[in-house]
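All the letters of the sequence shown, read from the start, carry residue numbers 1 to 652 under the UniProt record's numbering. This report refers to the structure that appears directly beneath it.
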Amino acid sequence: MLRGPAGAWAVLGPLLWGCGLALLQGGMLYPRESRSRERKELDGLWRFRADFSDNRRQGFEQQWYRAPLRESGPTLDMPVPSSFNDVGQDGQLRSFVGWVWYEREITLPQRWSEDLGMRVVLRIGSAHYYAIVWVNGVHVVEHEGGHLPFEADVSKLVQSGPLSSCRITIAINNTLSPHTLPPGTILYKTDPSKYPKGYFVQDTKFDFFNYAGLHRSVLLYTTPTTYIDDITVTTDVDQDIGLVNYQIVVQGSDHFQLDVCLLDEEGKVVAKGAGAQGQLQVPSAHLWWPYLMHEHPAYLYSLEVKLTAQTAVGPVSDFYTLPVGIRTVAVTESQFLINGKPFYFHGVNKHEDADIRGKGFDWPLLVKDFNLLRWLGANAFRTSHYPYAEEVLQLCDRYGIVVIDESPGVGIMLVESFSNVSLQHHLQVMEEMIRRDKNHPAVVMWSVANEPASSLKPAGYYFKTLIAHTKALDPSRPVTFVTNTKYDADLGAPYVDVICVNSYYSWYHDYGHMEVIQLQLATQFENWYEAYQKPIIQSEYGADAIAGFHQDPPLMFSEEYQKGLLEQYHVVLDQKRKEYVVGELIWNFADFMTDQLPGRMIGNRKGIFTRQRQPKSAAFLLRERYWKLANETRYHWSAVKSQCVGSSLFTV
Ligand code: GCB
Numbered sequence: 001m002l003r004g005p006a007g008a009w010a011v012l013g014p015l016l017w018g019c020g021l022a023l024l025q026g027g028m029l030y031p032r033e034s035r036s037r038e039r040k041e042l043d044g045l046w047r048f049r050a051d052f053s054d055n056r057r058q059g060f061e062q063q064w065y066r067a068p069l070r071e072s073g074p075t076l077d078m079p080v081p082s083s084f085n086d087v088g089q090d091g092q093l094r095s096f097v098g099w100v101w102y103e104r105e106i107t108l109p110q111r112w113s114e115d116l117g118m119r120v121v122l123r124i125g126s127a128h129y130y131a132i133v134w135v136n137g138v139h140v141v142e143h144e145g146g147h148l149p150f151e152a153d154v155s156k157l158v159q160s161g162p163l164s165s166c167r168i169t170i171a172i173n174n175t176l177s178p179h180t181l182p183p184g185t186i187l188y189k190t191d192p193s194k195y196p197k198g199y200f201v202q203d204t205k206f207d208f209f210n211y212a213g214l215h216r217s218v219l220l221y222t223t224p225t226t227y228i229d230d231i232t233v234t235t236d237v238d239q240d241i242g243l244v245n246y247q248i249v250v251q252g253s254d255h256f257q258l259d260v261c262l263l264d265e266e267g268k269v270v271a272k273g274a275g276a277q278g279q280l281q282v283p284s285a286h287l288w289w290p291y292l293m294h295e296h297p298a299y300l301y302s303l304e305v306k307l308t309a310q311t312a313v314g315p316v317s318d319f320y321t322l323p324v325g326i327r328t329v330a331v332t333e334s335q336f337l338i339n340g341k342p343f344y345f346h347g348v349n350k351h352e353d354a355d356i357r358g359k360g361f362d363w364p365l366l367v368k369d370f371n372l373l374r375w376l377g378a379n380a381f382r383t384s385h386y387p388y389a390e391e392v393l394q395l396c397d398r399y400g401i402v403v404i405d406e407s408p409g410v411g412i413m414l415v416e417s418f419s420n421v422s423l424q425h426h427l428q429v430m431e432e433m434i435r436r437d438k439n440h441p442a443v444v445m446w447s448v449a450n451e452p453a454s455s456l457k458p459a460g461y462y463f464k465t466l467i468a469h470t471k472a473l474d475p476s477r478p479v480t481f482v483t484n485t486k487y488d489a490d491l492g493a494p495y496v497d498v499i500c501v502n503s504y505y506s507w508y509h510d511y512g513h514m515e516v517i518q519l520q521l522a523t524q525f526e527n528w529y530e531a532y533q534k535p536i537i538q539s540e541y542g543a544d545a546i547a548g549f550h551q552d553p554p555l556m557f558s559e560e561y562q563k564g565l566l567e568q569y570h571v572v573l574d575q576k577r578k579e580y581v582v583g584e585l586i587w588n589f590a591d592f593m594t595d596q597l598p599g600r601m602i603g604n605r606k607g608i609f610t611r612q613r614q615p616k617s618a619a620f621l622l623r624e625r626y627w628k629l630a631n632e633t634r635y636h637w638s639a640v641k642s643q644c645v646g647s648s649l650f651t652v
């Protein structure tokens, strides 16, 4: 969400605002290099200062953005991308709430500042939570929400003088209010016998640490001044003909020509078109299939878009290439269909979380995670509980890992968080998320929230509106939210396409009594199905296990208990998947950091991998199971099993 002048937001505490719901201006294409586009990554060390002043406003009062940060006081070196919380030795910085300041001075290629036919854009992949950005002391953009990218056209600033360097300042506030997503509350503790003057803490109703900072890359990229602003692709299949519908938005001129060309994986042109919208037909199309469902999963075509335009500075061309997977998604009363075949989600829930970097994007970690997913035989995950980095979705497209793409609507518990102010913001977040992620074949469903208090009275209107809006933005994908409310009390469930239900039998109740799981889980499924006749996904289940803790007979927190609990769930899942259960996603892929609580031993330990990505016993159990499930559901499989990681678990 883009906002006006900074002053109004230079406060700590409730960041309350109203925002008009308007369709988002402009596209949010991933910044790719092409013959007409360059990019300059600004990852690395930035200067950093947390504003520890009592009201956290000193940075605004002293206008720290006006001059290099080192001139207004001491600074720290801060890596980007990374959360700022865990890189230092300062406990106060780890739990800091308020404004932090980042700054980077860069030198631009001379061409960038001289070529008036070039547009220079500053793009911030993720700044958690509220961000204000200045370039050379000039305010350029503000953004609310920590998980989606935002941009500013900074051409005029970098082309306005003899300067070849430019100073980027970003102030970020991690405060969460009842109207942010996720919501939170600042609790002021006023008893002078217990707390010092002005003492407050950030309270949240979600179970992960509120890491903050510049979590994804910051970069500058260029386009011509007349440029391809957005591309929307939807696909369909008619017999064996793949249909690729495209729509292209151009900015900067009304007089242009667009040529599109679809290439297969060998680089052969399979279809051509012209104009801002149209349909390409691909005879004998290779469909995009999920991992382990087909011998050649994740087939990607390339849509090459070429723009030519006459402008005041002469003829310009812009080029952008978008990966395209041709596939269909549909939901029946009891099935989730991909390319017309029943798809069973066997996978995980994840977090963006790791030692030291917190929620900072990290390629080695990402590649490790995908190697583990493929080793496990997982064909899907949910982006619990916020949109993940774009590079994550790109790998899902490439490997065929199916995604339930979730908004940051987690911990919506207070009545205030169902107000119109909150709802408007949530609608806007869905627009930003769909604008960013709409072209990924891997994304097969939107999840608008996780475990909201959906039995509260305003929840009915809230979810009806939110889901209708999401469907209007993208009629091509089903929509859900993940619930832990009772089937007969949930006011949002009537509006979802797929019931996603979380339960923790024998963990958060009936502690230690795994013998009750089968009955309780069967009842859960039967109640939901009877009420709604919609397919059901067990979207979370699991148990904490401290890696290396062993107890036989199994006791809570041991690896044996985690494994035993999963096995009980699997008995019922195996019965119900023959009827209407269409998926199971373990909570969680890996251990992750949370707030400090008596029930959390340095974070949540429900991972089947440790936070360092080493397997617990449950990982081996799930690996056996997922490969077995894959064996049952694959289509058109011929003897190419050697291509697959972990292929020894395959039978042909
Ligand atoms: C849930 C939440 C998830 C928690 C998990 C747990 O229901 O959706 O965010 O981490 O339970 O471990 O309690």
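Ideal Cβ positions, reconstructed from N, Cα and C, are used throughout, including at glycine.
A straight-line Cα-Cα distance of about 5 Å links S165 and I106.
Short note on D207: C-beta closer than 7 Å to some heavy atom of the ligand GCB.
Spatial neighbours of K606 in its own chain (CB-CB distance under 6 Å, excluding positions within 5 residues in sequence) are listed in chain order as G542, D544, W587, N588. According to the DSSP assignment, K576 belongs to the alpha helix (DSSP H) that extends over 559 to 576. Contact annotation: D203 and T185 have beta-carbon atoms nearer than 8 Å. Under the DSSP assignment, R47 falls in the beta strand (DSSP E) whose first and last residues are 44 to 50.
According to DSSP, M78 shares a beta bridge with W46. Contact between L116 and Q159 holds: their C-beta atoms lie close to 6 Å from each other, under 8 Å.
Where W288 is concerned, there is no enclosing alpha helix (DSSP H), because DSSP gives it neither an H nor an E. Per the coordinates, the alpha-carbon of P224 lies some 28 Å from the alpha-carbon of V392. Taking all protein chains shown into account, V313 has fewer than 16 neighbouring C-beta atoms within 10 Å of its C-beta and is therefore exposed. Between the beta-carbon of G125 and that of V218 there is about 7 Å, and that keeps the pair under the 8 Å contact cut. Closer than 7 Å to some heavy atom of the ligand GCB: that does not describe the Cβ of E352.
For M445, the uninterrupted beta strand (DSSP E) run begins and ends at 443 to 450, by DSSP. Restricting attention to alpha helix (DSSP H) runs no shorter than 4 residues, the stretch 148 to 218 encloses them at 155 to 158, ordered along the chain. Residues of the same chain with a CB within less than 7 Å of the CB of N527, apart from the 5 flanking positions on each side, are Y487 in chain order. Segment contact: the stretch 481 to 501 against the stretch 451 to 463, three or more CB-CB distances shorter than 8 Å; contact assigned.
Linking F96 to I338 through their CA atoms gives a straight-line distance of about 45 Å. By the Cβ-count criterion, Y188 is exposed, with fewer than 16 other Cβ atoms from all chains shown falling within 10 Å of its own Cβ. In the structure shown, the three-state DSSP call for K464 is helix. In the structure shown, V305 falls within a strand segment according to DSSP collapsed to helix, strand and coil. Not one heavy atom of the ligand GCB falls within 7 Å of the beta-carbon of N210. In this structure, H147 has its beta carbon at no less than 7 Å from each heavy atom of the ligand GCB. Counting C-beta atoms within 10 angstroms of its own C-beta, D51 has 16 or more neighbours from the protein chains shown and is therefore classed as buried. Sixteen is the threshold: when 16 or more other Cβ atoms of the shown chains lie within 10 Å of the Cβ of S422, as they do, the residue is buried. Counting C-beta pairs with one atom in each stretch, the stretch 416 to 430 and the stretch 127 to 143 have fewer than three that are closer than 8 Å, which means they do not touch. In this structure, E451 has its beta carbon less than 7 Å from a heavy atom of the ligand GCB. Contact between E406 and H385 holds: their C-beta atoms lie close to 6 Å from each other, under 8 Å. With a cutoff of 8 Å on beta-carbon distance, V244 and L262 are scored as near each other. Take G73, set aside five residues on each side of it, and the residues of its chain with a beta-carbon closer than 7 Å to its own are R49, in chain order. Under DSSP, C261 shares a beta bridge with K272, E304. Annotated as proximal: D397 and L300, with beta-carbon spacing under 8 Å. The criterion of a C-beta distance shorter than 8 Å is satisfied by D355 and Q612. L427 and Q247 have their alpha carbons spaced roughly 23 Å apart. Exposed is the label assigned to G198, since fewer than 16 other Cβ atoms lie within 10 Å of its Cβ. Between K563 and S617, the C-beta gap is smaller than 8 Å, which places the two residues in contact.
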